[in-house]
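*Asks:* In numbering that gives the first Met the number 0, the protein residues as written are 0 to 61.
Cβ coordinates follow ideal geometry from the N, Cα and C atoms, glycine included.
Take a look at this one; I'll ask things after.
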Amino acid sequence: MSVDILLEKADQYAHDIYQLAKQLPKEESFGLSTQLKRAALSVPLNIVEGYARQSSQSEANF
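Take a look at the structure:
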């Protein structure tokens with residue numbers, strides 16, 4: 000799977016989680032909702048970080 004497709008799917012996942020978090024009860028807005036949002040956002044960020052790290056290592060060899 001290409002990085003572009005993977006990142007697109009991760010972005011959609013994060014968007015879906017944000018929509019789900021909006022439906023949670025208000026008493027969960029600072030608990031479960033916040034945790035879900037942070038976790039969902041970390042997926043695309045980790046993909047980008049891993050891709051950047053891989054590119055930097057490859058370029059360092061040349």
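Can you tell me where the alpha helix (DSSP H) holding residue 5 begins and where it ends?
*Replies:* Note, residue 5: alpha helix (DSSP H), 2 to 21.
*Asks:* Secondary structure at residue 24, three-state DSSP: helix, strand or coil?
*Replies:* Coil.
*Asks:* Can you find the residues in the same chain that come closer than 6 angstroms, C-beta to C-beta, to residue 16, ignoring five residues on each side of it along the sequence?
*Replies:* Contacts found: 35 and 39.
*Asks:* For residue 48 and residue 23, I'd like the C-alpha separation in whole angstroms.
*Replies:* One C-alpha to the other measures close to 30 angstroms.
*Asks:* Determine the contact status of residue 43 and residue 6, defining contact as a CB-CB distance below 8 angstroms.
*Replies:* Their beta carbons are under 8 angstroms apart, which means residue 43 touches residue 6 by this criterion.
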